[in-house]
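Reviewing the structure listed below.
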Amino acid sequence: MGIINRAIRNISRRKIRALLVIIALGFSMAIMVSIPAGVLANQQTASTASTNLSNVISQTSASINQTATQIDCSLAPSFSGFGFRDSSGSGTSGGSGFTPGQFSGGASGNSGGFQPGQFGGGTIGGQFGGGAFNGGQSNPMNESLYTDINSTISGVAAVEPILQASEGQNVTQNLSFNGYTRSITRLDVQYTIEGIPLTSMVNSYPILPTNITAGNNLQAGATGEVVLSENNSAYFNAGVGNTVTILGQTFTVVGIYSPSSVSQTQTLFMNLSDAQTITNNTGYITSLAVFAQNSDVVSQVATTLSTMHPELTVTTDQTRLTQLQTLQSTYNTELATAQSANNQTYSTAVEEIAIVVVATSLIVLFVMLYTVKERTKEIGTLKAIGFSNSTVMSQFMLEGILLSIIAGVVGIAIGLIAAPTISSLLLPSVGLGGRAVAGAVVVSGTSRIGGLSVATLNPELILALFGASVLLGTLGSLYPAWRAAKIRPAEAMKYE
Amino acid sequence: MSKPVLQIENLNKTYMLGKREVPALKGLNLTVNAGEFVAIMGPSGSGKTTLLNIIGAIDKPTSGQVLLDGIDVGKMPENQLYKIRRDKMGFVFQTFNLLPYLNARENVELPMEGRGKSKSEQKKRASELLALVGLSGREGHRPQRLSAGEQQRVAIARALANNPAFILADEPTGNLDSQNKQEIIKLLANLNLTQGTTIIMVTHDSQAANHTERMLLLKDGKIIKEKEGLHLAKKNNKCPHCGAAIQVNDETCPTCKKSIYSSDEVFSS
Numbered sequence: 002m003g004i005i006n007r008a009i010r011n012i013s014r015r016k017i018r019a020l021l022v023i024i025a026l027g028f029s030m031a032i033m034v035s036i037p038a039g040v041l042a043n044q045q046t047a048s049t050a051s052t053n054l055s056n057v058i059s060q061t062s063a064s065i066n067q068t069a070t071q072i073d074c075s076l077a078p079s080f081s082g083f084g085f086r087d088s089s090g091s092g093t094s095g096g097s098g099f100t101p102g103q104f105s106g107g108a109s110g111n112s113g114g115f116q117p118g119q120f121g122g123g124t125i126g127g128q129f130g131g132g133a134f135n136g137g138q139s140n141p142m143n144e145s146l147y148t149d150i151n152s153t154i155s156g157v158a159a160v161e162p163i164l165q166a167s168e169g170q171n172v173t174q175n176l177s178f179n180g181y182t183r184s185i186t187r188l189d190v191q192y193t194i195e196g197i198p199l200t201s202m203v204n205s206y207p208i209l210p211t212n213i214t215a216g217n218n219l220q221a222g223a224t225g226e227v228v229l230s231e232n233n234s235a236y237f238n239a240g241v242g243n244t245v246t247i248l249g250q251t252f253t254v255v256g257i258y259s260p261s262s263v264s265q266t267q268t269l270f271m272n273l274s275d276a277q278t279i280t281n282n283t284g285y286i287t288s289l290a291v292f293a294q295n296s297d298v299v300s301q302v303a304t305t306l307s308t309m310h311p312e313l314t315v316t317t318d319q320t321r322l323t324q325l326q327t328l329q330s331t332y333n334t335e336l337a338t339a340q341s342a343n344n345q346t347y348s349t350a351v352e353e354i355a356i357v358v359v360a361t362s363l364i365v366l367f368v369m370l371y372t373v374k375e376r377t378k379e380i381g382t383l384k385a386i387g388f389s390n391s392t393v394m395s396q397f398m399l400e401g402i403l404l405s406i407i408a409g410v411v412g413i414a415i416g417l418i419a420a421p422t423i424s425s426l427l428l429p430s431v432g433l434g435g436r437a438v439a440g441a442v443v444v445s446g447t448s449r450i451g452g453l454s455v456a457t458l459n460p461e462l463i464l465a466l467f468g469a470s471v472l473l474g475t476l477g478s479l480y481p482a483w484r485a486a487k488i489r490p491a492e493a494m495k496y497e
Numbered sequence: 017m018s019k020p021v022l023q024i025e026n027l028n029k030t031y032m033l034g035k036r037e038v039p040a041l042k043g044l045n046l047t048v049n050a051g052e053f054v055a056i057m058g059p060s061g062s063g064k065t066t067l068l069n070i071i072g073a074i075d076k077p078t079s080g081q082v083l084l085d086g087i088d089v090g091k092m093p094e095n096q097l098y099k100i101r102r103d104k105m106g107f108v109f110q111t112f113n114l115l116p117y118l119n120a121r122e123n124v125e126l127p128m129e130g131r132g133k134s135k136s137e138q139k140k141r142a143s144e145l146l147a148l149v150g151l152s153g154r155e156g157h158r159p160q161r162l163s164a165g166e167q168q169r170v171a172i173a174r175a176l177a178n179n180p181a182f183i184l185a186d187e188p189t190g191n192l193d194s195q196n197k198q199e200i201i202k203l204l205a206n207l208n209l210t211q212g213t214t215i216i217m218v219t220h221d222s223q224a225a226n227h228t229e230r231m232l233l234l235k236d237g238k239i240i241k242e243k244e245g246l247h248l249a250k251k252n253n254k255c256p257h258c259g260a261a262i263q264v265n266d267e268t269c270p271t272c273k274k275s276i277y278s279s280d281e282v283f284s285s
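Heads up: the protein sequence lines correspond to chains A and B, in order.
Number 269 in the working numbering belongs to position 268 of the first sequence; there are no gaps in the numbering.
Number 18 in the working numbering belongs to position 2 of the second sequence; there are no gaps in the numbering.
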């Protein structure tokens, strides 16, 4: 009749007591199984959210640095647009021969969100300026005058010269204006050529179309190639791999893009030098896209540009910049919220586990203390008939440990079944920017329960928890067992 | 028969009740020889229990010498005393003190644990002892299925498990009816006669005490009176009433026809 057999008999003899300990310890184990699982699920949620937000933030940041650092420089548009000479005879009036700014449409050429050149320059000399009606075509600029911007103005990351020209047909219309009716002829744009420098830096700055839907974008150094907008594609009836003839020159279509703004709908992209050649504008450009090194120095660079080149209309995209910055700060707030929710989950979990550990140990402690008290006489007897203190202590320790082993098995079983429920009850949900995640382990309406039991309730964790359960039982019975060992048999004998 | 198993010299024991010193034993002297059957009697508060606890090595003397089978238990460290209790003595209690969740045999095996005996040896010894106390066939019964007298028999068998130098019985008949009382006294007397077991019995019961060979009256922490009991005559195969020769197993004297176990009050209070 060994010590283990006696422990088992004592446990089975006191069924209510055993049940109490098993329920208490089992519940603790269930909580201890569930909480780490819930924490992990929350962490996954928060980490996914953080990753996504971080990506968005860095993309936004890149947009700020790329788009919002862009400064458009152009000569004030003249009344007479900047047409191009072509042989088709379809209304290319104007031309580069006009004195820039002579009949200036003024800065209103940029108003209404139209990019310079969207509507070709006015045609009939001076009757209507670029201004309100035609938006004005930027005057050509001598490229060589601005080659030093990059080196003379600090804060400039790159200067991209751009040539934009539109091709269309003259349309005559009657317009009423201030009580006068005039017949005007304007250019009905069929397509706009945008020549951009295809240097090795072409991909570093947002001058290429972004949303390629077929084929490829223009590559650095490419000549004789165009990327068409979807409208262009329809107009030319040409797809990727076809050739199109533009101003007498044959180009291969390498890609089709979807315009990201109204102004792009009829714009086709090609190498700057190709554009200059076919429009007879070698050495001339219509605008400069100056990129500041970062969004902080944009206004400083713009001011310097205006000072050094007073003839240029210098435009920064302040609205877009503000929008992006607002967006970024919103994302940053969300990220902080997600991370703090995650931290809160973690600290709550630690608190709860600590409470559970203490409460469980206390339950085991009191139950075992009661047991020791109840069995004082037995302990006295055992000592009187020759049991050593250590044997008596082991006897009670073993009882506590055996109880906690049973409780551990029960608790882990409960935990495996009820982990999602328990953890969602006990842990705060991870809220992301008002999109509260319902429950701790349910993410965006998609239950993580399946993933939870596979990913987080691994054998190591279960083994660790089982160990924890035994440890709790041991801790809880240590003092009672010691008390039992210290009982003096002479006094124990008197105990009834 | 003259080798002493218990020698107590000038034993003093003082308890502290708060700050007040309460003397329980005052310079007590006692020698018990091997094979003796001794009764210690006395009124409540006379120091019986204290003396018993000190003899049983579960309490320590304040001063004086207690030699158990030649070992000075007063000088033994606390963590060695359990071996004395296990190997040198067998306890029999008033309330039997059997473990309720163990059967008779398992209860008897308890003291043998930790003595390096194999399970089968323990089992065999326990069965033999249960047969000796007349409980053959009842080995598998748990205490609640045994009568009070049977439980005390199991307790006596348990006390004998490690072949102790003496049995220390604390009011062994205190919880028994007169029938069982006589049975247990008979059993102890027979063990003393047939096995040569030394028995020190503390009792209130003068009738039980009268069946020992030596009765000691304890009062105010000292032995104040000593008297021969009926058992001495029986040991010498004589009728305690008429002195005629008797056999070990005789219930009544063949000569005077008196029951050998009937007796009068020995110490009138």
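In this text, a Cβ means the ideal position worked out from N, Cα and C, and glycines have one as well.
Open item on the list: Which of the three DSSP states is assigned to Glu-52(B) in this structure?
Closed with: For this step, residue 52(B) is matched to residue 36 along the second sequence. Glu-52(B) falls in the coil class under three-state DSSP.
Task: Asn-43(A) beta carbon near the ligand FAD (any heavy atom closer than 7 Å) - done: This structure does not include the ligand FAD; it has no bound ligands of any sort.
Task: Sufficient close CB pairs (3 or more, under 8 Å) joining the region 254 to 273 of chain A to the region 188 to 204 of chain A - done: yes
Open item on the list: I want to know whether the region 165 to 173 of chain B touches the region 210 to 228 of chain B - three or more CB-CB distances under 8 Å.
Closed with: no
- [ ] Can you pull the chain A residues whose beta carbon is under 9 Å from the beta carbon of Gly-58(B), in chain order?
- [x] Counting from one through the second sequence, the residue named residue 58(B) turns up at place 42. Correct list: empty, because the minimum Cβ distance to chain A is about 18 Å.
TODO: Using the Cα positions of Ile-450(A) and Leu-426(A), report the straight-line distance between them to the nearest angstrom.
DONE: Locating residue 450(A) in the first sequence gives position 449, where the first residue counts as 1. Locating residue 426(A) in the first sequence gives position 425, where the first residue counts as 1. Note that Ile-450(A) scores a pLDDT of 34, beneath 50, so its modelled location is shaky and nothing firm can be said.
Open item on the list: Helix, strand or coil for Met-32(B)? Go by DSSP, reduced to three states.
Closed with: As a working note, residue 32(B) is residue 16 in the second sequence. Note: Met-32(B) maps to strand in three-state DSSP.
- [ ] Taking a Cβ distance cut-off of 9 Å, strictly less, list which residues of the region 375 to 407 of chain A are near chain B, in chain order.
- [x] Lys-378, Glu-379, Gly-381, Thr-382, Leu-383, Lys-384, Ala-385, Ile-386, Gly-387, Phe-388, Ser-389, Asn-390, Ser-391 and Thr-392
Task: Whole-Å CB distance - Thr-280(A) paired with Leu-328(A), under 8 Å assumed - done: One-based indexing of the first sequence puts residue 280(A) at position 279. One-based indexing of the first sequence puts residue 328(A) at position 327. Contact doesn't hold; Cβ gap of about 38 Å is too wide.
Open item on the list: Is it buried or exposed, Ile-415(A), if we count other Cβ atoms within 10 angstroms and call 16 or more buried?
Closed with: In the first sequence, the residue the question calls residue 415(A) occupies position 414. Under this definition Ile-415(A) is a buried residue.
Task: Contact with chain B by Arg-14(A), beta-carbon distance below 8 Å - done: For the purposes of this step, residue 14(A) is taken as the residue at position 13 of the first sequence. Answer yes: the Cβ-Cβ gap between Arg-14(A) and chain B drops below 8 Å somewhere.
- [ ] Would you kindly work out how many angstroms separate the C-alpha atoms of Pro-490(A) and Pro-93(B), rounded to a whole number?
- [x] Mapped onto the first sequence, residue 490(A) falls at position 489. Mapped onto the second sequence, residue 93(B) falls at position 77. Approximately 16 Å between the Cα atoms of the pair.
- [ ] Report the rounded CA-to-CA distance for Lys-273(B) versus Ala-164(B), giving the unit in angstroms.
- [x] Looking up residue 273(B) in the second sequence gives position 257. Looking up residue 164(B) in the second sequence gives position 148. Computed Cα separation, rounded: 30 Å.
Task: Interface partners of Ile-201(B) on chain A, CB under 9 Å - done: Reading the second sequence from its first residue, position 185 is the one you call residue 201(B). Those do not exist, as Ile-201(B) stays about 22 Å from chain A at its closest Cβ, beyond 9 Å.
Task: Cβ-based burial, Met-128(B) [other Cβ within 10 Å; buried from 16] - done: Sequence index remark: in the second sequence, residue 128(B) carries index 112 (1-based). Met-128(B) is buried by the Cβ-count criterion.
Open item on the list: Assuming contact is defined by CB atoms lying nearer than 8 Å, are Gly-153(B) and Arg-121(B) in contact in what I supplied?
Closed with: In the second sequence, residue 153(B) corresponds to position 137, counting from 1. In the second sequence, residue 121(B) corresponds to position 105, counting from 1. Not closer than 8 Å, so no.
Task: Within 8 Å, strictly: CB atoms of Ser-167(A) and Gly-284(A) - done: As a working mapping, residue 167(A) is identified with position 166 in the first sequence. As a working mapping, residue 284(A) is identified with position 283 in the first sequence. Cβ atoms of Ser-167(A) and Gly-284(A): not closer than 8 Å.
TODO: List the DSSP bridge partners of Thr-314(A).
DONE: What you label residue 314(A) is simply residue 313 of the first sequence in a count that begins at 1. In the DSSP output, where bridge partners are listed per residue, Thr-314(A) has Ser-75(A).
Open item on the list: Using the Cβ count rule (16 or more neighbours within 10 Å means buried), how would you classify Gly-63(B)?
Closed with: Residue mapping note: residue 63(B) aligns to position 47 of the second sequence, counting from 1. Buried is the call here.
Task: Cα-Cα separation between Ile-70(B) and Pro-37(A), rounded to whole angstroms - done: As a first step, residue 70(B) is located in the second sequence; it is residue number 54 there, counting from the start. As a first step, residue 37(A) is located in the first sequence; it is residue number 36 there, counting from the start. So the two alpha carbons sit approximately 57 Å from each other.
Open item on the list: According to DSSP, simplified to helix, strand and coil, what is Gln-250(A)?
Closed with: Along the first sequence, one-based indexing puts residue 250(A) at 249. Here Gln-250(A) sits in strand by DSSP.
Task: Where the region 17 to 43 of chain A meets chain B: residues whose CB sits under 7 Å from a CB there - done: none
Open item on the list: Closer than 9 Å between beta carbons: that is the criterion. Which residues of the region 460 to 490 of chain A meet it against chain B?
Closed with: Arg-489 and Pro-490
Task: Asp-88(B): contacting residues in chain A (beta-carbon distance under 7 Å) - done: Indexing the second sequence from 1 puts residue 88(B) at position 72. Here the premise fails: no neighbours, minimum Cβ distance about 19 Å.
- [ ] Just mark Ser-9(B) as buried or exposed, buried being the case when its beta carbon has 16 or more other beta carbons within 10 Å.
- [x] Chain B is shown from 17 up to 285; residue 9(B) falls before or after that span and cannot be answered.
Task: Member of Gln-167(B), Asn-179(B) and Arg-161(B) whose CA lies at the smallest distance from the CA of Gly-212(B) - done: Taking the second sequence and counting its residues from 1, one reaches residue 212(B) at position 196. It is Asn-179(B) whose Cα lies nearest to the Cα of Gly-212(B).
Task: CA-to-CA distance, Gln-340(A) to Ser-51(A), given in whole angstroms - done: If you number the first sequence from 1, residue 51(A) lands on position 50. If you number the first sequence from 1, residue 340(A) lands on position 339. Rounded to the nearest angstrom, the two C-alpha atoms are 7 Å apart.
Task: Through-space distance from Phe-237(A) to Phe-115(A), alpha-carbon basis - done: Locating residue 115(A) in the first sequence gives position 114, where the first residue counts as 1. Locating residue 237(A) in the first sequence gives position 236, where the first residue counts as 1. Caution is warranted here: a pLDDT of 33 is assigned to Phe-115(A), below 50, making its placement in the model unreliable, and the coordinate value is therefore given only provisionally. Phe-115(A) and Phe-237(A): Cα-Cα distance of roughly 23 Å.
Task: Classification of Ala-437(A) by the beta-carbon crowding that lies within 10 angstroms, buried from 16 upward - done: Here residue 437(A) refers to the residue found at position 436 of the first sequence. Only weak support exists for where Ala-437(A) lies, its pLDDT of 32 falling under 50; the value from the coordinates is given anyway. Burial call: exposed.
Task: Endpoints, alpha helix (DSSP H) assigned at Thr-305(A) - done: For the purposes of this step, residue 305(A) is taken as residue 304 along the first sequence, with counting starting at 1. Per DSSP, Thr-305(A) belongs to the alpha helix (DSSP H) from 299 to 309.
Task: First and last residue of the uninterrupted beta strand (DSSP E) at Asn-272(A) - done: What you label residue 272(A) is simply residue 271 of the first sequence in a count that begins at 1. First-last of the beta strand (DSSP E) with Asn-272(A): 268 to 272.
TODO: Going by DSSP, name the residue or residues bridged to Tyr-192(A).
DONE: As a working mapping, residue 192(A) is identified with position 191 in the first sequence. The partner list for Tyr-192(A) (beta bridge, DSSP) reads Glu-168(A).
Open item on the list: Could you check whether the Cβ of Asp-75(B) sits closer than 8 Å to any Cβ belonging to chain A?
Closed with: For the purposes of this step, residue 75(B) is identified with residue 59 of the second sequence, where counting begins at 1. Taking Cβ atoms only, chain A reaches closer than 8 Å to Asp-75(B), which makes this a yes.
- [ ] Would you mind working out which of Phe-28(A), Ser-55(A) and Ala-355(A) sits nearest Ala-337(A), comparing C-alpha positions?
- [x] As a working note, residue 337(A) is residue 336 in the first sequence. The shortest Cα separation from Ala-337(A) among Phe-28(A), Ser-55(A) and Ala-355(A) belongs to Ser-55(A).
Open item on the list: One question on the structure: do Leu-273(A) and Leu-164(A) come within less than 8 Å of each other, judged by their Cβ atoms?
Closed with: Within the first sequence, residue 273(A) is the residue found at index 272, counting from 1. Within the first sequence, residue 164(A) is the residue found at index 163, counting from 1. A contact, by the Cβ cut-off of 8 Å.
TODO: Round the Cβ separation of Val-157(A) and Val-302(A) to the nearest angstrom and send it over; I've been treating them as touching at under 8 Å.
DONE: Position 156 of the first sequence, counted from the start, is the residue given in the question as residue 157(A). Position 301 of the first sequence, counted from the start, is the residue given in the question as residue 302(A). Going by Cβ atoms, the distance from Val-157(A) to Val-302(A) rounds to 6 Å, so yes, they are a contact pair.
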